[in-house]
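Colleague: Pasting a structure here, questions to come.
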Amino acid sequence: MVSEQQAVAEAKNTSFMARFGRRNVILLTSVVVVLAVIATLTSQVISWNEADERLVHQSAFTGNLTVINQAGPYLKAFGTTSAYKKVISINFTGDSSATASAIVPLIPIRFLDTTTGGARGVSRFRLPGNVPASESGALRGLLKIHEEFGSQETLISNLLMRATTENVKASARMMSVEQHYSGGNGQLSQDFSDQLTNGIFVTEQIISTGERDKTDDLSNLSKQQRVTINIKMDDEGNPLRNAPILGSYGITVVDASIIDIDYE
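So for the sequence shown, the numbering used here puts the first residue at -12; every next one is plus one.
In structure tokens, the structure reads:
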């Protein structure tokens, strides 16, 4: 009889502990779920902006776009954001360990005398911030950039890298490899920075033929020719240029330089 009573008591205790354990598990699970929901909601309501970035925020309720310039917390309110570095750097040195927004191989170039090579250098661009829309309502500044490109990665590949490549190539076409080899890299780098900032020069090739000895045959004529580049001028004596492709977006050139050339 006593044994039966002890067995019943132990069964009750075991049942109680099991129920107590299940309640704890349920309670703990509920707390974890609630905390996860709170954390998720908080991250969708309040977020953080880094000091070296600007954010384009699109409202979840109206779809309106705004630029967040200040570093620190901001009201996200379930909207979506796209981050853009205030200064974007493109490194085309071929150094995979470099720190930059984009790291790309050397840019292939062709000098005036058709000698080819690879240009090594860096370009840095400052993006505009919040610029009021025009009188017609057209977006400007970073909002225009975001409207047309949608992300920093697309901006780099479709505009900044293209501008860098075009201007490196255009600058190399203005001198011969002999001029560059004789200390012309400073001028090449200066032309690159100038044209990237202000627009590519409108140029024409001038082919001059030196005097030939009467004994020279026609097959040597090409050896007497020299090709130079002439920058066209307007009526006021200013260099003619193509419109800089960065100007319409308010993007400014912080720095642009060609470090050296790898001759092929």
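Don't be surprised by glycine CBs; every beta carbon is placed ideally from N, CA and C.
As the structure is a prediction and not an experimental result, all values here were calculated from the model.
(1) Closest to G128 by CA distance: which of K73, T152, T101 is it?
(2) Under a Cβ-count criterion, where at least 16 other Cβ atoms within 10 Å of its own Cβ denotes burial, should A120 be classed as buried or exposed?
(3) My guess is that F98 and S163 are in contact by the Cβ rule of under 8 Å, so how many angstroms apart are they, rounded?
(4) N56 bridges to which residues according to DSSP?
(5) Can you grab the Cα-Cα spacing for the pair S88 / A38, in whole Å?
(6) What residue range does the alpha helix (DSSP H) around R228 cover?
(7) Give the range of the alpha helix (DSSP H) segment to which G128 is assigned.
(8) Is it right to say I132 is buried, meaning 16 or more other beta carbons lie within 10 angstroms of its own, or is it exposed?
(9) For F188, which beta-bridge partners are listed by DSSP?
(10) Please state whether the Cβ-Cβ distance between R111 and S83 is less than 8 Å.
(11) Considering only the beta carbon of each residue, do W35 and G66 sit closer than 8 Å?
(12) Have a look at L233 and T49 and give me their C-alpha separation to the nearest angstrom.
(13) Going by DSSP, what residues sit across from P95 in a beta bridge?
(14) Using the C-alpha atoms, what's the distance from N185 back to T239?
(15) So for L233, helix, strand or coil by DSSP?
(16) Does the distance between the C-beta of T184 and the nearest non-hydrogen atom of the ligand FMN fall short of 7 Å?
(17) For Q57 and G170, I'd like the C-alpha separation in whole angstroms.
(18) When you compare each of L126, S17, G81 to V54 by their alpha carbons, which one comes out closest?
(19) Tell me which same chain residues have a C-beta within less than 8 Å of the C-beta of D100, skipping the five on either side of it?
(20) Apart from the five residues just before and just after G237, which ones in its own chain have a Cβ nearer than 6 Å to its Cβ?
(21) Which class does N51 belong to by DSSP, given the choice of helix, strand or coil?
(22) Restricting to Cα atoms, I'd like to know which of A70, R160, P231, P226 is closest to F136.
(23) How is K73 classed by DSSP in three states: helix, strand or coil?
(24) Which one of A106, K63, A64 has the shortest CA to CA distance from F79?
Modeller: To lay it out plainly:
(1) K73
(2) exposed
(3) 6 Å
(4) Beta-bridge pairing links N56 to no other residue.
(5) 16 Å
(6) From DSSP, R228 is part of no alpha helix (DSSP H); its letter is neither H nor E.
(7) 128 to 136
(8) buried
(9) R228
(10) no
(11) no
(12) 30 Å
(13) G105
(14) 10 Å
(15) coil
(16) Looking for the ligand FMN in the displayed structure turns up nothing, as the structure carries no ligands at all.
(17) 45 Å
(18) L126
(19) S163, V164, E165, V214
(20) P115, G128
(21) coil
(22) A70
(23) coil
(24) A106
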